[in-house]
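When we follow the numbering used here, the leftmost residue of the sequence shown carries the number 376, and every step to the right adds one. In this text, a Cβ means the ideal position worked out from N, Cα and C, and glycines have one as well. Just below is one structure, and these are the notes that go with it.
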Amino acid sequence: MFRDCHPERSAQHVVEGSGNAVLQVQNLSVAFGFDKNGKPREGMKPLQVTDKVSFEINPGEFFALVGESGCGKSVTAMSILRLLPQPSAQIVEGSVLYKESSDSAPIDLAKLPLADLRKVRGSEIACIFQEPMQALNPVVTIKKQLMEVFKFCKRSKGGFMTVIREQLALAGFKDIDRVLNSYPHELSGGMLQRVCIVMALLSKPKLIIADEPTTALDVTVQAQVLAVLKDMANRTGTAVLLITHNMGIVSQYADRVAVMYAGRIVETGAVRDVIDAPMHPYTQGLLAAIPENHSDMRTMKSIPGSVPHPRDFAKGCRFADRCEKCTEQCRSEVVPPKQKASGSSNHEACCFCL
Ligand code: SF4
Numbered sequence: 376m377f378r379d380c381h382p383e384r385s386a387q388h389v390v391e392g393s394g395n396a397v398l399q400v401q402n403l404s405v406a407f408g409f410d411k412n413g414k415p416r417e418g419m420k421p422l423q424v425t426d427k428v429s430f431e432i433n434p435g436e437f438f439a440l441v442g443e444s445g446c447g448k449s450v451t452a453m454s455i456l457r458l459l460p461q462p463s464a465q466i467v468e469g470s471v472l473y474k475e476s477s478d479s480a481p482i483d484l485a486k487l488p489l490a491d492l493r494k495v496r497g498s499e500i501a502c503i504f505q506e507p508m509q510a511l512n513p514v515v516t517i518k519k520q521l522m523e524v525f526k527f528c529k530r531s532k533g534g535f536m537t538v539i540r541e542q543l544a545l546a547g548f549k550d551i552d553r554v555l556n557s558y559p560h561e562l563s564g565g566m567l568q569r570v571c572i573v574m575a576l577l578s579k580p581k582l583i584i585a586d587e588p589t590t591a592l593d594v595t596v597q598a599q600v601l602a603v604l605k606d607m608a609n610r611t612g613t614a615v616l617l618i619t620h621n622m623g624i625v626s627q628y629a630d631r632v633a634v635m636y637a638g639r640i641v642e643t644g645a646v647r648d649v650i651d652a653p654m655h656p657y658t659q660g661l662l663a664a665i666p667e668n669h670s671d672m673r674t675m676k677s678i679p680g681s682v683p684h685p686r687d688f689a690k691g692c693r694f695a696d697r698c699e700k701c702t703e704q705c706r707s708e709v710v711p712p713k714q715k716a717s718g719s720s721n722h723e724a725c726c727f728c729l
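Put into structure tokens, the structure is as follows:
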């Protein structure tokens, strides 16, 4: 009902891509420290924070990018729509191929002119951020903010209030009039995040990027918000890229997962495969640290140390300082490319110990 195809989009940014994935991130490297001319700032060496990150998301799929704070997952997510601070952050390598439908050619969002990219933001790829209070305007009612979505959605045909009411009902709101007439400060964090989910889905995007959408919420409403996101995305066939540090959330909601550490993806696969037989020592550590997996808390393990600063990234394996299986080879040699798990076509990890 609301889709348009942007036929005016520059033809030179249509590129070759494989498969039917709605999004293919290929060898994406992001660095900080550039000036407004795109040159390294005087006296500074740009700091590369992500290194050849690659993954793809299929239509309707719930895909999780998981890792500790500082591992580069939010930088990766924000660079998809080029929302990183400018001019400091630059994509120095790689592509972000977005495919609107199975029969359309992919376009490279990393190179798309800003005017064309603005037509993708919100209407074709929407975002849900960590802090719903900051995502909404505090002096405008919820109704007005939801109606604003249609101003930027060329495919809207009318009947907006009916659509908004239907979506709010699907998001679990009972007293819809009260919600519509409220200002953000009159609703709880969980309600605001559900409003943000409705707002993101109103333009029927192909993909939603949800960056730690429950981190700022009370534990009691986190599950409710994620269930609403999963249910509403399922109904509309929208793919979700969930950014999280919580392996428990991944195991409950995601279809596939990529585990990220120090700017690199170290393991990918179907959630069931990764949880049942984690290949990389970092993934094993994350799973061993989930409290729900331990009836006796004394068996729960933590991973010692913390993610290194990009300035301190080592030549070899970046997890070496925290890994129990580390050998001399891990520190001195470049980690081998991803290897597949036996008997699985898409569960793979990169580590010397496989
Ligand atoms: S490459 Fe070596 S240090 Fe890195 S995770 Fe594997 S075993 Fe550990």
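Take the Cβ of residue i as the centre, count every other Cβ of all protein chains shown within 10 Å, and call the residue buried at 16 or more, exposed below.
i, result
"Val594", "exposed"
"Gln704", "exposed"
"Gln542", "buried"
"Ser477", "exposed"
"Phe430", "buried"
"Leu567", "buried"
"Met675", "exposed"
"Val709", "exposed"
"Ser578", "buried"
"Gly638", "buried"
"Asp483", "buried"
"Thr643", "buried"
"Gly733", "The chain is shown only over 376 to 729; residue 733 falls outside these bounds and no answer can be derived."
"Ala544", "exposed"
"Val515", "exposed"
"Thr537", "exposed"
"Glu417", "exposed"
"Pro711", "exposed"
"Ser717", "exposed"
"Phe527", "exposed"
With a cut-off of 8 Å on the beta carbons, I'd call residue i and residue j a contact; round off their distance for me.
i, j, result
"Val641", "Tyr657", "6 Å"
"Ala608", "Val615", "5 Å"
"Lys448", "Leu459", "With 8 Å as the limit, Lys448 and Leu459 do not qualify as a contact, their Cβ atoms being about 13 Å apart."
"Ile624", "Ala585", "So it is not a contact: roughly 11 Å between Cβ atoms."
"Ala645", "His722", "7 Å"
"Ser592", "Gly612", "Contrary to the premise, residue 592 reads as Leu rather than Ser in this sequence. At roughly 26 Å, the Cβ-Cβ gap does not stay under 8 Å, so Leu592 and Gly612 are not in contact."
"Gln714", "Cys728", "11 Å between Cβ atoms; not a contact."
"Gly497", "His620", "Actually they are not in contact, since the Cβ atoms of Gly497 and His620 sit about 26 Å apart, beyond 8 Å."
"Leu562", "Ile539", "Between Ile539 and Leu562 the Cβ distance is about 15 Å, and since that is not below 8 Å, they are no contact."
"Ile650", "Ser626", "5 Å"
"Leu487", "Gln401", "Actually they are not in contact, since the Cβ atoms of Leu487 and Gln401 sit about 15 Å apart, beyond 8 Å."
"Glu499", "Pro580", "5 Å"
"Ile432", "Ala396", "6 Å"
"Asp648", "Ser719", "6 Å"
Per DSSP, what are the beta-bridge partners of residue i in this structure?
i, result
"Leu511", "According to DSSP, Leu511 bridges with nothing at all."
"Cys502", "Ile584"
"Thr619", "Val441"
"Asp483", "Leu472"
"Pro415", "Phe409"
"Gly644", "Val632"
"Ala464", "Phe407"
"Lys715", "Glu723"
"Phe694", "Note: Phe694 sits in no beta bridge, so no partner."
"Thr425", "Val405"
"Val400", "Phe430 and Val471"
"Ala452", "Ala452 is not bridged to any residue."
"Arg639", "Tyr636"
"Ala663", "Paired residue(s): none; Ala663 is not in a bridge."
"Ala614", "Leu582"
"Arg496", "Ile500"
Subject >> At least 3 beta-carbon pairs within less than 8 Å: the stretch 400-407 vs the stretch 461-474 >> reply: With three or more CB-CB distances shorter than 8 Å, the stretch 400-407 counts as touching the stretch 461-474.
Original post:
Touch check for the stretch 572-588 and the stretch 500-516: three-plus C-beta pairs under 8 Å?
Top reply: Contact holds: three or more Cβ-Cβ distances are below 8 Å.
Original post:
Taking one C-beta from the stretch 648-657 and one from the stretch 684-703 each time, how about it: are there three or more such pairs within less than 8 Å?
Top reply: Result yes; three or more Cβ-Cβ pairs closer than 8 Å.
**OP:** Give me every residue whose Cβ sits closer than 5 Å to any heavy atom of ligand 1, in chain order.
**Re:** For ligand 1, the residues with a Cβ under 5 Å from any of its heavy atoms are, in chain order, Pro656, Cys692, Phe694, Ala695, Cys698, Lys700, Cys701, Cys705, Cys726, Phe727 and Cys728.
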